[in-house]
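Notes follow the structure.
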Amino acid sequence: MSDSAAHPREDDPDAEPGTDPADADGPEAADPDGEANRPDGETTEVSTGAESVVAALEAAGAETAFGVQGGAIMPVYDALYSSSIRHLTMAHEQGAAHAADAYGVVAGEPGLCLATSGPGATNLVTGIADADMDSDAMLALTGQVPTEFVGNDAFQETDTVGVTRPITKHNYFADDADVIGDVVGEAFELSRVGRPGPTLVDLPKNVTLDDTEEAPGPAEAPAGTDPDPRAREDAVEAAARAIEDADRPLCLFGGGVIKGEASEVAREFARAYEIPVTTTMPGIGSFPEDDELSLSWAGMHGTGYANMAITHTDCLIAVGTRFDDRLTGGIDTFAPEAEVVHVDIDPAEISKNVYADYPLVGDAGTVLEQLLDAVVEEPDADEWREQCQEWKETYPMTYSTPDDEPLKPQFVVEAFDEATDDDTIVTTGVGQHQMWASQFWTYTEPRTWVSSHGLGTMGYGVPAAIGARVAADAMGESDRDVICFDGDGSFLMTMQELSVAVREDLDVTFAVLNNEYIGMVRQWQDAFFEGRHMASDYNWMPEFDKLAEAFGALGIRVDGYDEVAPAVEEALAYDGPAVIDFHVDPEENVLPMVPSGGANGRFALTEDQL
Amino acid sequence: MSGEDAAGMPGPAPDERPQPEGRRNLEGHRIDPVVEAEHDSRRAVISALVEDEPGVLARVSGLVSRRQFNIESLTVGPTTVEGHSRITMVVEETDPGIDQIEKQMAKLKPVISVGEVSGSAVTSELVLLKVHGEEPDKVHAVAEMYDGRTLDAGPETITVQLTGDESKIDDAIDAFDQFGIIEIARTGQTALARGNIPTAPGEKPGTAGEPTTPNTQ
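Residue numbers (UniProt numbering), protein chains in the order written: chain A, 1 to 610; chain B, 1 to 217.
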């Protein structure tokens with residue numbers, strides 16, 4: 001919300017002449033004694049709170065920021081002017097938060113986003129809540145009105161700390177320029193230690209403008225927030241005996257496996273004891289879906305074989321999952337005969353939704369290593385493994401492509417999967433397209449599936465693709481493809497960020513699976529509301545290919561099967577953002593489906609079974 | 001999906017599939033299909049040592065409300081250590097619920113330690129009572145019976161201060177009811193463990209994932 005850019009100093013409550021002398025010329029009296037301790041031994045001079053903020057970010061290793069300018073955050077932006085941190089201006093603060101979130105997911109480092117006070121901060125809220133639900137490391141910096149105005153309903157004032165308190169791991173109000181850098185460094189570190197999550201520092205304008213000689217010290221997470229990575233040995237031994245004794249063991253790998261960089265050891269663990277593997281949706285990529293042991297992901301729209309396995313297992317080895325209701329279905333019928341071994345870094349997740357017979361609190365990779373040492377005998381589960389393979393054949397993930405029906409969205413997903421390498425990053429919005437993108441793409445690597453899981457934020461896909469692209473480029477992996485699968489409804493929510501992709505010449509392919517419905521709602525209306533399509537009909541969508549061209553991107557429209565492969569090829573070959581508007585079958589449903597609160601083992605394979 | 005189109009995926013319908021006999025209760029425990037085992041709720045006193053920083057009470061009360069824990073009272077006050085405060089909460093929850101409250105509170109950055117105060121703890125509450133003043137002698141007699149103090153006595157009203165554990169306070173309020181209680185203000189229970197037992201454990205509990213209640217350290 002850059003009010004001050006359009007009308008400099010007119011609307012700004014702190015801009016009255018004489019009230020804020022530092023505002024007039026910005027930092028000028030650089031203090032040669034203000035130094036920040038950088039990990040590389042170099043020092044940075046700081047002279048203002050804002051410079052201390054930026055010095056702290058650099059010292060903590062932040063390389064990229066996403067944000068939108070505005071009155072109260074201007075001092076921080078001014079300090080970014082001469083920083084090594086790359087800043088990408090986004091079209092909307094929500095886009096900045098999602099881009100930062102996705103950047104963090106791909107890079108494995110906290111993402112960084114900035115916004116001004118008031119509407120800038122409230123626009124970040126959806127993105128912060130999204131990161132919170134998915135335990136993504138992210139630091140949000142928000143401008144705030146000067147401390148003397150706080151609480152007076154000043155122009156563009158919002159109680160940002162109050163608003164974001166329930167959706168952050170912790171948030172801070174920085175009211176002292178002398179420690180502002182330390183606070184920012186602490187917030188950055190806190191977001192990544194233990195169970196990751198978003199943190200926020202609210203930065204009043206007078207504090208960022210304030211003179212200070214105090215450079216930030218090394219960034220450190222607060223005491224007691226970086227938990228012991230090892231689980232208790234006796235608990236590990238007990239769990240190991242349960243695993244050895246199991247007849248029908250099953251691994252359930254969640255997003256924590258990926259966040260804990262434990263995919264390698266997770267694979268080693270499952271293969272060492274030949275235990276079949278299912279994942280949660282955020283756990284996609286933790287285990288290769290083309291492995292014979294893989295049953296793909298379980299839950300509401302998970303595969304039939306994953307849901308059969310999770311229903312019949314007698315020993316569920318769950319790692320880094322919080323047993324979300326979209327995974328469990330009705331708790332009464334969730335893995336009802338299984339002893340649960342639950343590995344999690346957050347003790348509060350133990351027995352929160354599903355009782356853990358064997359709680360193992362610790363880092364996913366470390367605890368799996370402990371289990372690898374402790375489990376001596378492979379469980380005797382030949383029959384069970386055969387059963388799991390049989391279920392794969394009984395409930396195959398198929399769809400039909402009749403001549404008299406429009407293009408099927410699943411076909412588009414498969415076409416992209418075939419045309420790209422394993423390291424391709426997929427981002428999505430939320431809805432039917434998200435489910436097809438997860439079901440009909442074979443994921444093999446961690447940090448290649450970037451989606452909004454817990455919060456279910458429509459519009460996540462476009463800014464996330466931008467964040468993912470920037471992250472891959474920053475990692476020197478610009479040859480990786482980034483594909484954003486989006487729905488027509490989802491795309492329309494954040495497609496203004498396409499302007500950023502064009503401006504930055506980002507090589508991203510946006511595949512809109514356009515069914516002229518807010519399709520998941522339409523599917524539920526057909527199944528549970530007798531087909532009354534209240535507010536779900538989206539036949540009023542603009543022509544996305546032409547809109548893409550207006551933005552300066554490549555725009556392609558696809559209506560039939562024969563156009564798919566050439567369009568995919570053209571878009572992938574195009575060096576820059578490309579949008580393909582795939583007009584797909586409006587009546588196609590996402591299956592299988594476990595109705596809300598239903599039994600996983602009773603997934604519907606047709607709409608009639610719902 | 002419109003019309004007779006039976007599009008979908010192949011495989012046996014839900015009723016044709018084997019389903020396990022077992023069930024879980026609402027708390028996610030496996031249960032015998034015949035025996036429905038569920039926990040009753042109980043009252044628990046939870047004590048937390050917190051950093052006395054702005055917003056700490058909002059963080060705690062926000063946590064309690066958004067996770068829908070049943071809370072009866074909450075008191076907060078400084079300790080002898082500068083920068084530390086003690087929060088005492090009385091909650092009505094099942095054992096797993098109490099466990100969750102403690103673990104979730106332990107995750108709040110300003111919370112230094114938290115735990116349930118065992119049943120043998122000393123608890124007390126302060127109450128201010130304002131009753132009609134027509135019968136001052138009787139009011140004083142009742143106040144004396146409950147070790148109360150008269151803080152203010154006028155021609156129309158008498159204000160009495162009472163302290164004690166919950167049952168004593170409840171009895172006293174019943175006794176004062178005969179004079180007509182005009183206004184009442186209660187602090188809620190506050191508590192300390194007996195003897196050498198620390199009221200809140202010395203470090204954040206639940207680090208091994210085991211239930212942290214009751215605190216028997």
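No residue lacks a Cβ here, since even glycine has one placed at the ideal position from N, Cα and C. Note that this is a predicted model, so its numbers are computed, not measured.
Any residues in the region 296 to 314 of chain A with a beta carbon nearer than 9 Å to a beta carbon of chain B? Which ones, in chain order?
Result list: G304, M308, T311, H312.
Out of T48/A, T44/A, F66/A, which has the shortest C-alpha to C-alpha gap to E58/A?
To locate residue 58/A, count along the first sequence from 1; it is residue 58. Selected option, being the one with the closest Cα: T44/A.
Judging by CA-CA distance, which residue of V179/A, D202/A, G162/A is the nearest neighbour of C113/A?
Numbered from 1 along the first sequence, position 113 holds the residue referred to as residue 113/A. Ranking V179/A, D202/A, G162/A by Cα distance to C113/A puts D202/A first.
On the criterion of 16 or more Cβ atoms from any shown chain inside 10 Å, does I345/A qualify as buried, or is it exposed?
Locating residue 345/A in the first sequence gives position 345, counting from the first residue. It is buried - the Cβ of I345/A has at least 16 other Cβ atoms within 10 Å.
Cβ distance (whole Å) where F485/A is taken to contact L513/A below 8 Å:
Along the first sequence, read from residue 1 onward, the residue named residue 485/A stands at position 485. Along the first sequence, read from residue 1 onward, the residue named residue 513/A stands at position 513. With 8 Å as the limit, F485/A and L513/A qualify as a contact, their Cβ atoms being about 6 Å apart.
Counting C-beta neighbours from all protein chains within 10 Å, is the total for R24/B 16 or more, i.e. buried, or is it exposed?
Position 24 of the second sequence, counted from the first residue, corresponds to residue 24/B. Around the CB of R24/B, 16 or more other CB atoms lie within 10 Å, so the residue is classed as buried.
Using a Cβ-Cβ cut-off of 8 Å, state whether Q410/A counts as contacting chain B.
The residue labelled residue 410/A in the question sits at position 410 within the first sequence. No, because no Cβ of chain B sits closer than 8 Å to the Cβ of Q410/A.
Limits of the unbroken beta strand (DSSP E) element including N514/A
Residue 514/A sits at position 514 when you count from the first residue of the first sequence. 509 to 514 is the extent of the beta strand (DSSP E) around N514/A.
Taking only the alpha-carbon atoms, compute the straight-line gap between I181/B and L129/B and give it to the nearest angstrom.
The residue you call residue 181/B lines up with position 181 of the second sequence. The residue you call residue 129/B lines up with position 129 of the second sequence. For I181/B and L129/B, the distance between alpha carbons rounds to 7 Å.
Is there at least one Cβ from chain A nearer than 8 Å to M1/B's Cβ?
Your numbering for residue 1/B matches position 1 in the second sequence. Confidence at M1/B is low in this model, with a pLDDT of 39, below 50, so its placement is unreliable and no value can be given for it.
Could you tell me which chain A residues have their CB closer than 7 Å to the CB of K103/B, listed as they occur along the chain?
The count along the second sequence starts at 1 and reaches residue 103/B at position 103. The contacting residues are P347, A348.
Per DSSP, what are the beta-bridge partners of Q161/B in this structure?
To locate residue 161/B, count along the second sequence from 1; it is residue 161. Listed as beta-bridge partners of Q161/B by DSSP are L128/B, R149/B.
Based on the DSSP secondary-structure assignment, which residues constitute the bridge partners of L554/A?
The residue labelled residue 554/A in the question sits at position 554 within the first sequence. According to DSSP, which records beta bridges pairwise, L554/A is partnered with A578/A.
Test: A13/B CB closer than 8 Å to a CB of chain A
Within the second sequence, residue 13/B is the residue found at index 13, counting from 1. It does; some Cβ of chain A falls within 8 Å.
Secondary structure at W449/A, three-state DSSP: helix, strand or coil?
By 1-based counting over the first sequence, the position of residue 449/A is 449. Strand, per DSSP.
Starting from the beta carbon of A10/B, find every residue of chain A whose beta carbon is closer than 9 Å, and list them in chain order.
Taking the second sequence and counting its residues from 1, one reaches residue 10/B at position 10. A small correction: the amino acid at residue 10/B is Pro; Ala does not occupy that position in the sequence shown. The contacting residues are T394, Y395, P396, T398, L605.
Taking 8 Å as the threshold, find out whether the region 386 to 401 of chain A comes into contact with the region 299 to 313 of chain A through three or more Cβ pairs.
With a cut-off of 8 Å, the region 299 to 313 of chain A and the region 386 to 401 of chain A count as touching, because enough Cβ pairs lie within range.
By the 10 Å Cβ neighbour count, where 16 or more other Cβ atoms means buried, how is H533/A classified, buried or exposed?
As a first step, residue 533/A must be located in the first sequence, where it is residue number 533. By the beta-carbon neighbour count (other beta carbons within 10 angstroms, threshold 16), H533/A is exposed.
According to DSSP, what are the bridge partners of P359/A?
Within the first sequence, the letter at position 359 stands for residue 359/A. DSSP lists H342/A as partners of P359/A.
Cα-Cα, which of H29/B, L63/B, V111/B, G148/B is closest to G330/A?
Start at 1 with the first residue of the first sequence, and residue 330/A comes out as number 330. Nearest option by C-alpha distance: H29/B.
Could you check how far apart the C-beta atoms of L572/A and T509/A are, in whole angstroms? I think they sit under 8 Å.
Stepping through the first sequence from its first residue, residue 572/A is reached at position 572. Stepping through the first sequence from its first residue, residue 509/A is reached at position 509. About 6 Å; that satisfies the 8 Å criterion.
Kindly provide the ranges of any beta strand (DSSP E) runs that are 3 or more residues long and lie completely inside the region 163 to 214 of chain A, ordered along the chain.
170 to 173, 198 to 204
List, in order along the chain, the chain A residues whose C-beta lies closer than 9 Å to that of G97/B?
Position 97 of the second sequence, counted from the start, is the residue given in the question as residue 97/B. In chain order: nothing, as chain A lies at least about 10 Å away.
Going straight from the alpha carbon of G601/A to that of P14/B, what length do you get?
For the purposes of this step, residue 601/A is taken as residue 601 along the first sequence, with counting starting at 1. For the purposes of this step, residue 14/B is taken as residue 14 along the second sequence, with counting starting at 1. Take the alpha-carbon of G601/A and the one of P14/B: they are about 7 Å apart.
Please go through the region 209 to 293 of chain A and give each complete alpha helix (DSSP H) segment of 4 or more residues, from N-terminal end onward.
233 to 245, 255 to 259, 263 to 272
Assuming Q144/A is part of the beta strand (DSSP E), what are its boundary residues?
Taking the first residue of the first sequence as position 1, residue 144/A is located at position 144. Start and end: 138 to 144.
Chain-order list of residues whose beta-carbon lies under 7 Å from that of F603/A (same chain, five-residue window excluded):
The residue you call residue 603/A lines up with position 603 of the first sequence. Cβ neighbours of F603/A within its own chain (closer than 7 Å, five residues either side excluded): G304, N307, P592, M593, V594.
For H170/A, would you say it is in contact with chain B, using Cβ-to-Cβ distances shorter than 8 Å as the test?
Stepping through the first sequence from its first residue, residue 170/A is reached at position 170. Yes, because at least one Cβ of chain B sits closer than 8 Å to the Cβ of H170/A.
Can you find at least 3 beta carbon pairs, one from the region 43 to 56 of chain B and one from the region 89 to 104 of chain B, that sit closer than 8 Å?
Taking 8 Å as the limit for Cβ pairs, the verdict is that the region 89 to 104 of chain B does touch the region 43 to 56 of chain B.
Which chain A residues are close to G62/B, counting only those with a beta carbon under 8 Å from its beta carbon?
In the second sequence, the residue the question calls residue 62/B occupies position 62. Correct list: R165, P166.
In whole angstroms, what is the alpha-carbon distance linking D314/A and G260/A?
In the first sequence, the residue the question calls residue 314/A occupies position 314. In the first sequence, the residue the question calls residue 260/A occupies position 260. If you take the alpha carbons of D314/A and G260/A, they lie about 26 Å apart.
Cβ closer than 7 Å: which chain A residues qualify as neighbours of K107/B?
For the purposes of this step, residue 107/B is taken as residue 107 along the second sequence, with counting starting at 1. In chain order: A348.
Starting from the C-beta of G104/A, find all residues in its chain whose C-beta is less than 6 Å away, skip the five residues before and the five after it, and write them out in chain order.
Translated into positions along the first sequence, residue 104/A becomes position 104. The residues are P110, G111, D136, A137, M138.
Using only the alpha-carbon positions, how far apart do V340/A and Y358/A sit?
As a working note, residue 340/A is residue 340 in the first sequence. As a working note, residue 358/A is residue 358 in the first sequence. Their Cα atoms are separated by approximately 6 Å.
Per DSSP, which one or two residues make a beta bridge with F485/A?
The sequence position of residue 485/A within the first sequence is 485, counting from 1. Partner(s): T428/A, A511/A.
Three-state secondary structure assigned by DSSP to A191/B:
Indexing the second sequence from 1 puts residue 191/B at position 191. Here A191/B sits in strand by DSSP.
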